[in-house]
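Chemist:
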């Protein structure tokens with residue numbers, strides 16, 4: 369189970385973002401509130417994951 373992702377924010381879409389962690393792109397489905405709080409693509413982010 370994944371609990372946290374930390375890496376480079378690659379893309380922000382309507383209901384998800386993609387985080388590159390050492391060359392692997394993870395899709396994280398997020399609330400609009402979380403997506404609005406993210407920095408611009410290219411910046412480092414850390415997200416706690418709920419499954």
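Numbering (my numbering), first residue to last: 369 to 419. Ideal Cβ placement from N, Cα and C applies to all residues, glycine included.
Starting from residue 376, trace the beta strand (DSSP E) both ways and give me its first and last residue.
Modeler: It spans 372-380 - the beta strand (DSSP E) in which residue 376 sits, taken as one unbroken run.
Chemist: For a test of the three-state rule: what should DSSP assign to residue 403, helix, strand or coil?
Modeler: Correct three-state label for residue 403: helix.
Chemist: What did DSSP end up calling residue 417 once you bin it into helix, strand or coil?
Modeler: Correct three-state label for residue 417: coil.
Chemist: Is DSSP giving residue 385 helix, strand or coil here?
Modeler: Strand.
Chemist: What is the rounded straight-line gap between the Cα of residue 384 and the Cα of residue 415?
Modeler: Between residue 384 and residue 415, the C-alpha separation is close to 12 Å.
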